[in-house]
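Residue numbers (the working numbering): 1 to 416.
To start, the structure under review is shown below, and the notes come after it.
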Amino acid sequence: MQKTPKGLRLHIAIFGRRNVGKSSILNAITRQEVAIVSEIAGTTTDPVEKPMELLPVGPVLFIDTAGLDDVGALGRLRITKTYKVFERADIILLVTEANKWTEYEEEILEEARRRKIPILVIINKIDLSKPGKDFKERLNREKVPAIETSALNCDWETTVKLKNELIKLLPKDFLNPIPLVADLINEGDLVILVIPIDKEAPRGRLILPQQQTIREILDKKASCLVVNERNLSDAIHNLKQKPRIVITDSQVFEEVFVQVPDDILVTSFSILFARAKGDLEELVKGAQALDNLKPADKILIAEACTHHPIGEDIGRIKIPRWINQRIGGEIDFDVFSGHNFPEDIKRYKLIIHCGACMLNRKEMLARILRCREKGVAITNYGVVIAYLHNAMDRVVQPFNLFQRSGSSIVTTTPRC
Ligand code: SF4
């Protein structure tokens, strides 16, 4: 059975000092043995990820973190990894014990507030010690929701109570996610998807962004016709119904633009993901940094998954080649993948991100925010390719993102 991709799951991070029972709480919520539970302090080293179906919430990813009160060199590494979890957490569960509110809890609460992440305090082990008046007053002053429990003696009632509190914290983005394409089409519309089948295409299947787009089109009760770039023109001419929009792989923009009449909207899978996972307007602005590049400048290529690059890989070969050709010199490219997004980004003139289909929106927005704070331009693959092909106006037209004013482009509020 195919699992829900990580990028579509609600990310719930569990924080707590060592041995307050984080793993037991995770087991109590899910009613499964899903994490290491040990009497030895610090058994959970790296954040442990557990994808689950949590009814009635749906697909979630629990991230069971190491204690931030860890010591020693290994401890510091754990702390760094644990801190990175804030970047992708949609919800934080802070597990503590009765009458213990230390700098650690303060720090987690402060960081969650700073990043506007909903947080629930879970006072565990109340079979050993009940929260006193001072402790309760402290939590009231903090205005933070809290729940008392004993995960080791967990019954159904406790599980339901924990889940109900968790449901109250569900963020807007999770309840009403930004669509890929659903708001651009109507029931009964026809959408053409252009998918090149080349050496880089995985054998026997479509990739996640293509699958997700098809699913949304079907959910909207619209139809889609999937073609490759070579028979696009024939496909359009054979249709009785004009397609509402053509969505293409960015790598074949040139072939697609010459085949699609001007009165049919065109965009790319990457542009759809730039909006759904991040901030399309920011990523479009970021591409303008291409105009100021000089040979030997540094560009970071950031990919959200660790796929094995083959042939003319888009991030490692094609985009670097097109940029070098444009500036007439050699840019110094670095590639980072997975959750490895470097701290020191000020040395880059531009960051070019993949479509981020494997990240949740939270993590992509955290990366964009970090770039904004450091004054580093960020864009994504599809946006860069459109820019390099002088096609930006056309591919963002479906989103009402730009309006023409003389020869310059003026940004307006996105329709979504
Ligand atoms: S490189 Fe990025 S867009 Fe491509 S599959 Fe991986 S996460 Fe998705």
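For glycine and all other residues, C-beta sits at the position ideal for the given N, C-alpha and C.
Measuring only from the beta carbon, is residue i closer than 8 Å to any heavy atom that is part of the ligand SF4?
i      : result
GLY355 : yes
ALA112 : no
ILE271 : no
MET358 : yes
ILE207 : yes
ALA304 : yes
GLY315 : yes
Does DSSP classify residue i as helix, strand or coil?
i      : result
THR102 : coil
THR96  : strand
THR4   : coil
ASN19  : coil
LYS84  : helix
ASP219 : helix
LYS130 : coil
SER233 : helix
LYS298 : strand
LEU162 : helix
ALA201 : coil
CYS371 : helix
PRO261 : coil
PRO243 : coil
ALA391 : coil
GLY286 : helix
LEU280 : helix
GLY311 : coil
THR44  : Because THR44 carries a pLDDT of 49, less than 50, the predicted location of this residue cannot be relied on, and no value is offered for it.
ASN400 : coil
PRO171 : coil
PRO320 : helix
ASN140 : helix
Can you tell which of the options has its C-alpha closest to the C-alpha of residue i?
i      : options                        : result
VAL118 : LEU169, LEU10, LYS285          : Position check: residue 118 holds Pro in this sequence, whereas Val was assumed. That would be LEU169, whose Cα lies nearest to the Cα of PRO118.
THR96  : ILE217, ARG113, LYS136         : LYS136
LYS161 : ASN186, ALA391, LEU152, ILE147 : ILE147
VAL227 : LYS220, ASP219, LYS221, ILE236 : ILE236
ILE351 : LYS362, LEU293, GLY328, ASP393 : LEU293
GLY422 : GLY355, LYS346, CYS354         : Only positions 1 to 416 of the chain appear in the structure, and residue 422 is not among them; the question remains open.
ALA182 : ARG215, THR4, TYR387, PHE174   : ARG215
GLN32  : PRO196, GLN210, GLU110, ASP155 : ASP155
ARG18  : LYS100, VAL57, ARG321, ASP297  : LYS100
VAL260 : ALA276, SER270, LEU239, ILE271 : LEU239
GLU446 : GLY311, LYS84, ILE195, GLU49   : Missing from the structure shown is residue 446; the chain here goes from 1 to 416 and no further.
GLY16  : ILE207, GLY132, TYR104         : TYR104
LYS349 : ILE378, PRO47, ARG321, VAL335  : ILE378
GLY328 : LEU290, LEU359, ALA356, ASP313 : LEU290
ILE207 : ASP173, LEU225, ASP249         : ASP249
HIS339 : GLU49, THR30, LYS3             : GLU49
ALA173 : THR213, ARG372, ARG361         : The question names Ala, but residue 173 in the sequence shown is Asp. Taking only the C-alpha atoms, the option nearest ASP173 is ARG361.
Quickly, what does DSSP pair residue i with across the bridge? List them, please.
i      : result
CYS224 : VAL191
THR30  : Its beta-bridge partners do not exist; DSSP assigns none.
MET52  : VAL60
THR248 : VAL194, SER268
VAL335 : ILE301
ASN124 : GLU97
ILE147 : ILE122
THR379 : ILE352
ALA13  : ILE63, ILE92
The ligand SAH and residue i: does any heavy atom of the ligand fall closer than 8 Å to the residue's C-beta?
i      : result
ILE247 : Because the ligand SAH does not appear in the structure shown, any question about it cannot be addressed here, the ligands present being the ligand SF4.
Give the C-beta separation of residue i and residue j to the nearest angstrom, bearing in mind that I take them to be a contact with Cβ-Cβ under 8 Å.
i      : j      : result
LEU92  : ALA28  : What sits at residue 92 in the sequence shown is Ile, not Leu. In fact, because the Cβ distance is near 17 Å, the residues do not count as touching under 8 Å.
HIS389 : PHE253 : 5 Å
LYS133 : GLU187 : Rounded, the Cβ-Cβ distance is 59 Å, inconsistent with contact.
VAL191 : ILE217 : 5 Å
ALA287 : VAL384 : 6 Å
SER24  : ASP64  : SER24 to ASP64, Cβ: 11 Å. No contact.
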